[in-house]
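Enquirer: Dumping the structure here so I can ask a few things about it.
2 protein chains.
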Amino acid sequence: MDWPGRFNDCSNNRLEDSEIAAIMRVAAADNALSLAAGEPFGALYPVGPLQESFSKVLSSDLPIWGYSNTRAGVTGLRRWIREWMRRDGLVPEWVASENIFITNGSQEGLSLLSECFLDPGATILVESPSYPEALGVFRKFGAKCLGVSLLPDGPDLEAMETMLAGQRIKLFYTIPTFQNPTGYTTSDEKKRRILDLAKKHDFLIVEDDPYRNLSFEGSPEGTYLHAAGDDKRVIYLGSFSKIIAPGLRCGWVVAPGEVTEKLIKLRVMGTLCLPELLQNAILDFVAGIDLPRHLKTLSDTYRRHRDALSSSLREHACPEGLEITAPGGGFFLWGRVPWIRNMTEFAYFAIRNEKVAIIPGNIFFPESGQGVDTIRLSFSKVIPAMAEEGAKRLGEALRKFRILQQERKPE
Amino acid sequence: MDWPGRFNDCSNNRLEDSEIAAIMRVAAADNALSLAAGEPFGALYPVGPLQESFSKVLSSDLPIWGYSNTRAGVTGLRRWIREWMRRDGLVPEWVASENIFITNGSQEGLSLLSECFLDPGATILVESPSYPEALGVFRKFGAKCLGVSLLPDGPDLEAMETMLAGQRIKLFYTIPTFQNPTGYTTSDEKKRRILDLAKKHDFLIVEDDPYRNLSFEGSPEGTYLHAAGDDKRVIYLGSFSKIIAPGLRCGWVVAPGEVTEKLIKLRVMGTLCLPELLQNAILDFVAGIDLPRHLKTLSDTYRRHRDALSSSLREHACPEGLEITAPGGGFFLWGRVPWIRNMTEFAYFAIRNEKVAIIPGNIFFPESGQGVDTIRLSFSKVIPAMAEEGAKRLGEALRKFRILQQERKPE
């Protein structure tokens, strides 16, 4: 059967393979020590309290077994999220619970927003580097992703202005807080200037903010959403995946009513509704625990992981040419190895020769051929005892890879 | 903010409102007795055994809290479904567990398949009448839906051949068993002839089969999927929503490997993965209970509901001009009131005047203006004690609506 002849343009030409997934598969098959995972540390899943919340919801008379009538998500959870974000100063006055739309993780939010706004040929602005599964969605819908260099305090404004002068862009996709992959945070000052640019050039801002609550040094910078005030051009994505458990598949979108109405229609056509059991269990959990304390436990643990990995790397891998910047929160260390010309090749070399997995930074760049000397290292799941071993293996892999490179040179 | 100017063509022009949902909202607000619901009877949700399955899974060491690595769905559940379908003679030899792809209800299957195959302008064939939320998805992706009349034993073959002679169609979407809305079942003989047409004119068949296990008179007819054998042009959609509980949002697609590979990529871009907790609980439930007995309980109950409603209607509503056909399974009675020219108007009249809710049949037709005298009545949630009251109210609404029509005529 001629399948390519039956598939549409999207399936034939716009569905990308996940390069992270490919590396993780090889790493798992080779039983490598992983500095690659972009997921939470399993020991931090609050399993006991979640089990209790599930038991409560399962034996309640909540309407968890039938179709969900609230297609934007469980009303109580949407109210709770709105209050929580309001208390933390993350949302402007206009945000009501009707502006909260629950999703199957942030990925569904990205997908539905793309389906809502992007046409083939649309041009959007993204941070360079950025989250590949977001870039993949945008491209799936036929959008052209222009990358603006990300500096430690946020996007390069001069580069951004130059790009905006040359073309009309539909939206700017940003992960402003403890970004994936860089760990960088956009300063509030830069957010204000980017909002001015957004007004002037009339584009939307999609703010993807899953790492906000994993801050190692007090409160992080504010949100674009709040800074925009009554200018409703910011659409915000939140997630419980990093702070509760990603297996519950629960994130949310904050958006103006005109947008949430479209999202509801897209939801009905896409999946009818989401399971209420999971949403109600999350609501019971967050409403019942001491949330600031839970978040502090997470941040304290991840801070220790960051410190252990970065000091071990400084000892064992930086002497081989690795340069790293340690973030103020989140899961990731971002680095460079200036003498490496193909980090993907190095990644497979490191797994096969030293059984250590890293993610090559180049796969986060919207344009191919960029960031070939960059590297993403994740500390989220790396306990301090593993950090030293991982750093040693990485150092050894770098040493051997350099020798290999030098041997190749004469050819 | 100019939202229509920002939304894409799909959001502005191809997202439809659910007319069923609109009627159900009015019916709920008016506290009407409902002969309209398209959902299972809540008392049949196997809540006790499901609670036990959830408890077991929640306290197990299954990887339910993290991201799912099996993006096509939980492996054990896919194996179980394959075996179950094989035992029931529903799948041909080539179907392995790799050909089973778990979905957030059948709606996600319809959506992902549309995303995989349909381009704006694609022409597809659908039964007339058919399930509106499927037609809505196809149209969302820009497809043109051509309706082929559905007769009690399946599609009108002559009409189908005429249509196929005139144009190239991409796929035929069918609900062959106890169809929504008609309750009709396509005979195996017609399935074979339609498969011949599919080969001759080279189109795919999408077989949506959620009501199969709710058969009132023994085993229903077979599947297109099995009848097609090695000709892999049939993609099958199954669902646990009608036989376990729709709140668990679990259905599946059976498709050739080339298609499931695309579905996996679309899943990653759309939602990353589905919650494993729900899939594991379903697996524990189906593997642990006496499934044939559970399905017999469901069928026996729905048969009683069908019998009660159809006999009450014959007594109280048919004398006012209602004509009905009772199905061999599923949830729905399909009917006509030949003197009604606008069933939607009657539906709102019946809610407001007699507090009884029905679904106007016209909304199931792919072309507007058709089926204006048709009506869908659901017995799934109507216990025998309610059936008589419902039928009386419907009869009374018909009587009053006829008088209103006659009063209008002179004008």
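In order, the protein sequences belong to chains E and A.
All the letters of the first sequence, read from the start, carry residue numbers 179 to 589 under my numbering.
All the letters of the second sequence, read from the start, carry residue numbers 179 to 589 under my numbering.
Don't be surprised by glycine CBs; every beta carbon is placed ideally from N, CA and C.
Computed from a predicted model, the values in this text were never measured in an experiment.
(1) Output yes if chain A places a C-beta closer than 8 Å to the C-beta of Ser308 of chain E; else output no.
(2) Run down chain A in chain order and give the residues with a C-beta less than 7 Å from the C-beta of Ser237 of chain E.
(3) Can you name the residues of chain E whose CB is closer than 8 Å to the CB of Glu454 of chain A?
(4) Return the residue from the list E:Pro359, E:Glu305, E:Thr364 and E:Tyr309 that minimises the CA-CA distance to Met341 of chain E.
(5) Taking Ile280 of chain A as part of the beta strand (DSSP E), name the residues at either end of that continuous run.
(6) Kindly list, in the order they appear in chain A, the residues whose Cβ is closer than 7 Å to that of Ser477 of chain E.
(7) With C-beta atoms as the reference, is Glu385 of chain A less than 8 Å away from Thr352 of chain A?
(8) When the Cα of Asp180 of chain E is compared with those of A:Gly568, A:Glu436, A:Leu452 and A:Gly547, which residue comes out closest?
(9) Take His483 of chain A and list the residues in its own chain whose beta-carbon comes closer than 6 Å to its own, dropping the five residues that flank it on each side.
(10) Kindly indicate which three-state DSSP category Arg580 of chain E falls into: helix, strand or coil?
(11) Taking C-beta pairs closer than 8 Å, name the residues in chain E that Arg184 of chain A reaches, listed in chain order.
(12) Per the contact definition of three or more C-beta pairs closer than 8 Å, is the segment 468 to 482 of chain A in contact with the segment 390 to 399 of chain A?
(13) If I'm right that Cys294 of chain E touches Asn186 of chain A with Cβ under 8 Å, what's the distance once you round it to whole angstroms?
(14) Should the segment 192 to 207 of chain A be called in touch with the segment 413 to 433 of chain A, which here means at least 3 C-beta pairs below 8 Å?
(15) Whether or not the segment 534 to 549 of chain E and the segment 487 to 500 of chain E are in contact is what I'm after, with contact meaning three or more pairs of Cβ atoms, one per stretch, closer than 8 Å; do they touch?
(16) Quick check: is the beta carbon of Ser289 of chain E nearer than 8 Å to any beta carbon in chain A?
(17) Could you tell me whether the Cβ of Val315 of chain A comes closer than 8 Å to any Cβ of chain E?
(18) What residues of chain E sit near Leu193 of chain A, judged by a beta carbon separation below 8 Å?
(19) Using DSSP bridges, identify the partner residues of Pro538 of chain A.
(20) Just tell me which of E:Leu255, E:Lys234, E:Asn191 and E:Ser212 has its CA closest to the CA of Ala563 of chain E.
(21) Within 8 Å of any Cβ in chain E, is that where the Cβ of Tyr245 of chain A sits?
(22) Please determine if the segment 402 to 411 of chain A and the segment 370 to 380 of chain A are in contact, where contact requires at least 3 C-beta pairs separated by less than 8 Å.
(23) Where does Tyr480 of chain A fall in DSSP's three states?
(24) Going by DSSP, what residue range makes up the alpha helix (DSSP H) through Leu222 of chain A?
(25) For Phe509 of chain E, collect the residues of the same chain with a Cβ closer than 6 Å to its Cβ; drop the 5 residues on either side in sequence, then sort them by chain order.
(26) Starting from the beta carbon of Met564 of chain A, find every residue of chain E whose beta carbon is closer than 8 Å, and list them in chain order.
(27) To which residues of the same chain is Ser231 of chain A closer than 6 Å at the C-beta, ignoring the five residues directly before and after it?
(28) Does chain E have any CB closer than 8 Å to the CB of Gly283 of chain A?
(29) How close, in whole Å, do the beta carbons of Val610 of chain A and Ile280 of chain A come, if the pair is a contact with beta carbons under 8 Å?
(30) For my contact list, Ala300 of chain A and Ala321 of chain A are in at a C-beta cut-off of 8 Å; report their separation, rounded to the angstrom.
(31) If you measure from the beta carbon of Cys188 of chain E to each beta carbon in chain A, is any gap under 8 Å?
(32) Which ranges would you report for the beta strand (DSSP E) in the segment 241 to 311 of chain A if only whole runs of at least 3 residues count?
(33) Identify the contact partners of Trp430 of chain A in chain E, using a Cβ-Cβ distance below 9 Å as the criterion.
(34) Taking Cβ positions only, does Met179 of chain E come closer than 8 Å to chain A?
(35) Taking DSSP as the reference, what is the three-state secondary structure of Tyr362 of chain A?
(36) Output yes if chain E places a C-beta closer than 8 Å to the C-beta of Ile280 of chain A; else output no.
Expert: On the basis of the data shown:
(1) Taking the first sequence and counting its residues from 1, the one referred to as residue 308 of chain E is at position 130. Ser308 of chain E has a beta carbon lying at 8 Å or more from every beta carbon in chain A.
(2) The residue you call residue 237 of chain E lines up with position 59 of the first sequence. Annotation: Cβ neighbours of Ser237 of chain E in chain A (cutoff 7 Å, chain order): Gln229.
(3) Start at 1 with the first residue of the second sequence, and residue 454 of chain A comes out as number 276. Chain-ordered, the chain E residues with CB closer than 8 Å to the CB of Glu454 of chain A read Gly425.
(4) Locating residue 341 of chain E in the first sequence gives position 163, counting from the first residue. Shortest Cα-Cα distance from Met341 of chain E to any of E:Pro359, E:Glu305, E:Thr364 and E:Tyr309 involves E:Glu305.
(5) Here residue 280 of chain A refers to the residue found at position 102 when the second sequence is read from its first residue. Per DSSP, Ile280 of chain A belongs to the beta strand (DSSP E) from Ile278 to Thr281.
(6) Sequence index remark: in the first sequence, residue 477 of chain E carries index 299 (1-based). Per Cβ cutoff of 7 Å: no residues; Ser477 of chain E is ~19 Å from chain A at best.
(7) Working through the second sequence from its first residue, we reach residue 385 of chain A at position 207. Working through the second sequence from its first residue, we reach residue 352 of chain A at position 174. Closer than 8 Å, so yes.
(8) Residue mapping note: residue 180 of chain E aligns to position 2 of the first sequence, counting from 1. Considering only A:Gly568, A:Glu436, A:Leu452 and A:Gly547, the residue with the shortest C-alpha distance to Asp180 of chain E is A:Glu436.
(9) On the second sequence, position 305 is the one that residue 483 of chain A refers to. If we look at His483 of chain A and ignore the five residues flanking it on each side, its Cβ neighbours are Phe557 and Val560.
(10) For the purposes of this step, residue 580 of chain E is taken as residue 402 along the first sequence, with counting starting at 1. Note: Arg580 of chain E maps to helix in three-state DSSP.
(11) Position 6 of the second sequence holds residue 184 of chain A. At a C-beta separation below 8 Å, Arg184 of chain A has these neighbours in chain E: Phe295, Lys348 and Leu382.
(12) Enough Cβ pairs lie closer than 8 Å, so yes.
(13) Against the first sequence, residue 294 of chain E aligns to sequence position 116. Against the second sequence, residue 186 of chain A aligns to sequence position 8. With a Cβ gap of about 7 Å, Cys294 of chain E and Asn186 of chain A count as contacting.
(14) As far as the Cβ criterion goes, the segment 192 to 207 of chain A does not touch the segment 413 to 433 of chain A, which means the pair count is below three.
(15) The segment 487 to 500 of chain E, when compared against the segment 534 to 549 of chain E, does not touch it at the 8 Å Cβ threshold.
(16) Within the first sequence, numbered from 1, the residue matching residue 289 of chain E stands at position 111. For Ser289 of chain E, at least one C-beta of chain A is nearer than 8 Å to its own C-beta.
(17) Translated into positions along the second sequence, residue 315 of chain A becomes position 137. True, the Cβ-Cβ gap to chain E drops below 8 Å.
(18) Here the question's residue 193 of chain A lines up with position 15 in the second sequence. Close to Leu193 of chain A, with beta-carbon spacing below 8 Å, are these residues of chain E in chain order: Lys440, Lys443, Leu444 and Met447.
(19) Position 360 of the second sequence, counted from the start, is the residue given in the question as residue 538 of chain A. Bridge pairing for Pro538 of chain A: A:Ile553 [DSSP].
(20) Within the first sequence, residue 563 of chain E is the residue found at index 385, counting from 1. Of E:Leu255, E:Lys234, E:Asn191 and E:Ser212, the smallest CA-CA separation from Ala563 of chain E is found for E:Ser212.
(21) Along the second sequence, read from residue 1 onward, the residue named residue 245 of chain A stands at position 67. Closer than 8 Å to some Cβ of chain E, the Cβ of Tyr245 of chain A qualifies, so yes.
(22) Remark: three or more beta-carbon pairs, one from each stretch, lie closer than 8 Å, so the segment 402 to 411 of chain A and the segment 370 to 380 of chain A are flagged as touching.
(23) By 1-based counting over the second sequence, the position of residue 480 of chain A is 302. The answer is helix: DSSP assigns Tyr480 of chain A an H, G or I state.
(24) As a working mapping, residue 222 of chain A is identified with position 44 in the second sequence. Where Leu222 of chain A is concerned, there is no enclosing alpha helix (DSSP H), given that its DSSP letter is neither H nor E.
(25) Here residue 509 of chain E is taken as the residue at index 331 of the first sequence, counted from 1. Taken in chain order, the residues that qualify are Ser556 and Ser558.
(26) Taking the first residue of the second sequence as 1, we reach residue 564 of chain A at position 386. For Met564 of chain A, no chain E residue has a C-beta closer than 8 Å to its own C-beta; the minimum C-beta separation is roughly 18 Å.
(27) The sequence position of residue 231 of chain A within the second sequence is 53, counting from 1. Once the five neighbours on either side are set aside, the close Cβ partners of Ser231 of chain A are Ala459, Asp462 and Phe463.
(28) As a first step, residue 283 of chain A is located in the second sequence; it is residue number 105 there, counting from the start. So yes, Gly283 of chain A belongs to the interface.
(29) Because chain A is modelled from 179 through 589, residue 610 of chain A falls outside the range shown and cannot be assessed.
(30) To locate residue 300 of chain A, count along the second sequence from 1; it is residue 122. To locate residue 321 of chain A, count along the second sequence from 1; it is residue 143. About 5 Å; that satisfies the 8 Å criterion.
(31) Reading the first sequence from its first residue, position 10 is the one you call residue 188 of chain E. Closer than 8 Å to some Cβ of chain A, the Cβ of Cys188 of chain E qualifies, so yes.
(32) With a minimum length of 3 residues, the continuous beta strand (DSSP E) runs that stay inside the segment 241 to 311 of chain A are 278 to 281 and 301 to 306.
(33) For the purposes of this step, residue 430 of chain A is taken as residue 252 along the second sequence, with counting starting at 1. Simply none; closest approach about 14 Å.
(34) As a position in the first sequence, residue 179 of chain E is number 1, starting the count at 1. True, the Cβ-Cβ gap to chain A drops below 8 Å.
(35) Along the second sequence, one-based indexing puts residue 362 of chain A at 184. Tyr362 of chain A: coil per DSSP, three-state reduction.
(36) Locating residue 280 of chain A in the second sequence gives position 102, counting from the first residue. Under the Cβ criterion of 8 Å, Ile280 of chain A is not counted among the residues facing chain E.
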